[in-house]
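Q: Got a structure for you, questions after.
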Amino acid sequence: MRSRDRGAVALAAAGVLARVLLAILGWTESASERLELASPVDALARIREGHALWGMGQSPYGGSALHAPPLYLALVGPLVANAPAGLVASVPFIVADLVVAVAIHRVATASTRTSRARGSDAADASPTSPAWVVAMFLANPFSIASCAAASSAGFRAAALAVAVAGAVEGTPVVAGAGCAALAYLGDPTCAALTVPSLARAMAREGGFGEEGTGKKGKGKGRAGGGARSAFVHLCAWIVGWIVALVGVSQAVMSNARAAPMDWIRATYGFRLVAEDLSPNLGCFWYFFTEMFDNFRVFFLFAFDYFPVALCVPVVVRLGWDEPLFCVFVARLLCVVFSPYPTLGDASGYLALLPLFRAQLAGAGGLGYLVAAGYVASALLSPIMWRLWIVDRVANANFFFATTLAWMATQSALCVLCVERVVANSRLAKKKSE
Amino acid sequence: MLIAFLLVVLAASVGAARESRETFQEEALVRPLPDGRIAFVAHFRQETSLVARHHETFPKAIAQIARATGVADAELSFTQGRWMYRRWGRPPVGAKPIGAELWAAFAAESDEVADEGWANLTAMFGGQFCASLSALRDEQVVVEPALVFRPWDGSARVDRDGISSDNRRRHGSLPAEAVCTENLTPWLKLLPCRDRAGIAALLGSRSSVFGAEYVSFTARVRVRGDALELTQSATLVVDANKIAREPEGGHRLTSLLGVDRGGGANGIRACAAATSTAVHVQTKGGTAFAFGGRKVHTAVADEGRRVDTAVAADEASRPAWLSWDVSAAEDFDVAVRPGGGDEGTVAPELYAERVVTGSGYHRGGISIELRRPEGSKSASGTRARLFQTLPWYVRVFIHTLAVEMDGVPVPVPTSGADVGANGGAVEALRWVPGVDRRRPSTMELQVLMPASASVARVSFKFEKAFLRISEFPPDANRGFDLPAALLSLPPVSPRDGHEFGESRLLDLVEGVASEVGDTHSEGVYMQGALLTLPTPDFSMPFNVTTMVCTLMSLLAGALLTTLTRRPGWEGFGKLKAEQRKRLKSLEKEARKARAGKSE
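Residue numbers (UniProt numbering), protein chains in the order written: chain A, 1 to 433; chain B, 1 to 599.
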């Protein structure tokens, strides 16, 4: 076991070293100009613009340059203010990635423990070792590139990982903090979609709500009670954290003459209406560039609520048995149907994927195909972008094709994972009967 | 009896008209330019009482517009071509940006009132001048200037709170507006004699007016107390080399402007409604001949000399104004010999050039260069105000603003450095960031260019927005016209010996304050620019909708199938069908058996 982990530790160390090296070599500037790595929400130029406006005594949200929440601006703005952002500017992003690593390590450790405690048999005998889970994230080229580009996706990934870790360890304070941070960092829909699954995980894996009863409840009614109380606690903590975050944000913004609605509209309303049609890997920009004005509102509604519509059946079907997997699916769907996704967001949900190694068994060659899809679309997009925008020899459809491939790949991953998890959980149930 | 009554009424109305004291002054100015071209300026000024219910010659439409919109000051200009500062020097009455430009000041209590006045003004002016000015109502193009389009004496003082209640300004420009004769005709109709008599008759040939290299006509409506003033001026630059010369060696004004129909009596005949009609010619080295003018006098130079029909001013070392009062002329014309050197032209204090930098569809920059003309010196440095408004789809990053003096960067307010305190070159920055689909961005910058510096460069970067297909103009790949930037310079000091008040036009040309406390800062417009934005494929709406929605439904379908499928039930349908089949065949057999039995 130890010898197996040694390779993982080396890989993880190499990932961290790559982040530090990229920051030292000054790749932050050029990486942040890549649309695959930085969206209008977190591009360095936008953060700098907001910071400069703030410095001039104007509201950073006065124009439509800035779409990042105030605390993010207050934290990152001063660090990246000067044009060649050095190593110091990358520190929060490296720290965020390390937080993800620590959080998923704890999740992996906890789930190994629970699966052992349940005395699972051969299928679960070799769950992924926590070190490898961490290594898979830290050495993921997407997450390395995203960290080098100073993308806020790292923070969202950290928030989600912390929420999951808090749930698995049965601490609603931490889970609520992670969830609230995810909502605050611009994805309230995703945060809301993960709440039931997190509550279930908290009751099941973290044993929340069971200590009070004194005896280990095995029946469904008992566990349901635990989930219900976990849900209430989690919601209370999320609301508390969000109120605190909003309050602190407004306190920070009050000296910049920004009304609360200014930054709320710029940060959250902006995503709902997809005002900025800058190309990215998502499916929004070209669709709403081409869409007729009469149908814009209808399709905005459809796109914004599509992840919800897909996520609810998944939670209904799998939420009881595989709550953490439901968190993963919710995040994945929210990233697919996000107006400004980046590769960093993809690496954020991919960080959770190794946790379900046992449940995903049997994917076979399809898994290879999906992986190839990720690599192909990540490689094609800079090429198509260059052909269209820089060399002007192609047109928008070339890049649109890449985004279609990206969307298809992620959809395939989603369907494939759900299919395997459903099959394996049925198998496990049959065995236990 | 009846005739007597009519006479009384007539006398009364004449008396009333006299009471209203309407005035109409028309003036023309001719200036030979160094490269053989000739600049011609026609200037008309009408004044009436704002409260008058009846106007004799003043255009009723303008009076109604002024009353209805509550405008205090408004100037509309239509321009075609570009004034070449380097070749032609400073323009006589200020050059205007290409296309249509409108700015206005309102005596309004609140911004809402001013906005309403602006909306009315653009609609009414648009109707009056047959221009698409109603596009200026759109909040996407209107800005509120705070530093420029205001009186400024060149001091370092920046009145940031200058937006007082009676001074709400709006500015909008349409750089792509195609200026045509349909704009000029209503403009001429505002004059009492239209283009039939007086100075305006010189603008009678539309092909000459719009064939000129530079043509700009402006209308300014101004309310001062009870007086309502309408000032119209037209500037033309015509290429004299294309026109036949007079035997004396000059060009007749009428043939320059294409209104020489041959035969006699085709010169200027004063408009009967004009209180004064004057023609000024600026010469130095060149010669001017006048034909048929009754009275000739020189306005500025050489008071003692009065020459009757021909003046040779070549011995005068500096450009001289030769003026003719032609209010009683029947057939006046003047011949001008085009200059060959740099006579008559004065370089502006600074040349201003703007270029769009960068390649590719995504990012770019704008660089504005202010260059002191060679050989010119300024003892205390030059102060200038820069006004740059850009549409929202040009996303300017103000943190990239950089100002250089002779290549040396100077601190700018965006870097957080405290400029101004240490006498920095950037004395003030007013930045209104653009809002997507709602507001253009406005940058106003006051720069002090030290006497030692010869080139100042202001540059910033921007990102181009991606527009919806419905937001592109019909010819999307032509690009988008960016409004011209304006450099506002302190008013020039009048030449020695200029007599104020003798002629409105010459006061304007000499940059003399027309009223106390109203100093006209000199505006230098930079050329417009064309920006290409990344275009989507305009034929794709249905394809994109179909493709994306197919993917979405595939995802939803596959996901829901996966979730609802039960392996145990997989063969259920088949099994049932087989059973049903067997049952049917059994039934058949049974029936057969029964039938056999009954037989």
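Where a beta carbon is used, it is the ideal one built from N, C-alpha and C, also for glycine.
For B/Leu390, which residues in chain A fall below 9 Å Cβ to Cβ?
A: Here the premise fails: no neighbours, minimum Cβ distance about 12 Å.
Q: Roughly how many angstroms lie between the CA atoms of A/Ala45 and B/Ser132, to the nearest whole one?
A: 37 Å
Q: Contact defined as beta carbons within less than 8 Å: I believe B/Glu177 pairs with B/Gly99. What is the distance between those atoms, to the nearest angstrom?
A: 4 Å
Q: Excluding sequence positions up to five away, which residues of its chain have a Cβ less than 8 Å from the Cβ of B/Lys377?
A: Ala451
Q: A/Ala199 and A/Ile242: beta carbons closer than 8 Å?
A: no
Q: Assuming B/Phe40 contacts B/Val30 under a Cβ cut-off of 8 Å, what Cβ separation, rounded to an integer in Å, is found between them?
A: 6 Å
Q: Nearest CA to the CA of B/Val403: which residue from B/Thr550, B/Trp569, B/Asp115, B/Leu448?
A: Restricting attention to B/Thr550, B/Trp569, B/Asp115, B/Leu448, the CA atom closest to the CA of B/Val403 is found in B/Leu448.
Q: Using the Cα positions of B/Ser503 and B/Ala352, report the straight-line distance between them to the nearest angstrom.
A: 30 Å
Q: Return the CA-CA distance between B/Leu445 and A/Ala236, expressed in angstroms with no decimal places.
A: 51 Å
Q: Could you tell me the boundaries of the alpha helix (DSSP H) in which A/Ser347 lies?
A: 343-350
Q: Taking Cβ-Cβ distances shorter than 7 Å, what residues in chain A pair up with B/Ala425?
A: Those do not exist, as B/Ala425 stays about 17 Å from chain A at its closest Cβ, beyond 7 Å.
Q: Consult DSSP for B/His54 and reduce its assignment to one of helix, strand or coil.
A: coil
Q: So, at 6 Å on beta carbons, what are the nonlocal neighbours of B/Ser276 in its own chain, with the 5 sequence-adjacent residues on each side left out?
A: Gln25, Ser327
Q: Closest by CA to A/Ala135, which one among A/Ala13, A/Leu245, A/Ser115?
A: A/Ala13
Q: Check each residue of the segment 452-475 of chain B: if its Cβ is closer than 9 Å to any Cβ of chain A, include it; give the result in chain order.
A: Lys461, Glu463, Ala465, Phe466, Leu467, Arg468, Ile469, Ser470
Q: Tell me the DSSP bridge mates of B/Gln140?
A: Per DSSP, none; premise fails for B/Gln140.
Q: Check whether chain E comes within 8 Å of A/Pro313, counting only Cβ atoms and requiring the distance to be less than that.
A: Although the question refers to chain E, the structure presented lacks it and instead comprises the protein chains A and B.
Q: Beta-carbon of A/Leu53 versus every beta-carbon of chain B: anything under 8 Å?
A: yes
Q: Is B/Arg395 closer than 8 Å to A/Ala83 when the C-beta atoms are compared?
A: no
Q: At 8 Å on the CB atoms, spell out the chain B contacts of A/Ala330, in chain order.
A: Simply none; closest approach about 12 Å.
Q: Can you tell me whether B/Asn183 is buried or exposed? The criterion is at least 16 other CB atoms within 10 Å of its CB, across all chains shown.
A: buried
Q: Let me know the secondary structure DSSP gives B/Gln128 once reduced to three states.
A: helix
Q: Assign A/His67 to one of three DSSP states: helix, strand, or coil.
A: coil
Q: What would DSSP say about B/Ala146, mapped onto helix, strand or coil?
A: coil
Q: To the nearest angstrom, report how far apart B/Ala484 and B/Glu22 are at their CA atoms.
A: 36 Å
Q: Which of the three DSSP states is assigned to B/Trp392 in this structure?
A: coil
Q: Could you work out which residue in A/Val162, A/Gly57, A/Met56 is closest to A/Asp97 when comparing CA atoms only?
A: The option with the nearest alpha carbon to A/Asp97 is A/Val162.
Q: Express the C-alpha separation of A/Pro130 and A/Thr109 in angstroms, rounding to a whole number.
A: 6 Å
Q: With DSSP as the reference, identify every bridge partner of B/Phe44, one or two as the case may be.
A: B/Glu26, B/Gln232
Q: Give the DSSP-derived three-state secondary structure of B/Gly434 in the structure shown.
A: If DSSP states are grouped into helix, strand and coil, B/Gly434 belongs with coil.
Q: Since B/Pro490 and B/Arg383 should fall inside the 8 Å C-beta cutoff, what is the C-beta to C-beta distance between them, to a whole number of angstroms?
A: 6 Å
Q: Only counting the same chain, and skipping five residues up and downstream in sequence, which positions put a Cβ closer than 8 Å to that of A/Phe299?
A: Phe287, Phe288, Met291
Q: My output table needs one value for B/Val307: the three-state DSSP class, helix, strand or coil.
A: The predicted model places B/Val307 with a pLDDT of 36, which falls under 50 and marks its position as unreliable; any figure quoted below should be read in that light. DSSP places B/Val307 in coil when its eight states are reduced to three.
Q: I'd like to confirm the pairing. Which residues does DSSP put opposite B/Ser380 in its beta bridges?
A: None, per the DSSP bridge assignment.
Q: Using the beta-carbon of each residue, which ones in chain A are nearer than 9 Å to B/Leu554?
A: Ala408, Ser411, Val415
Q: For residue 672 of chain B, which residues from the same chain have a beta carbon less than 7 Å from its beta carbon, with the 5 sequence-adjacent residues on both sides left out?
A: Residue 672 of chain B cannot be examined here, being either before or after the span of chain B that is shown, 1 to 599.
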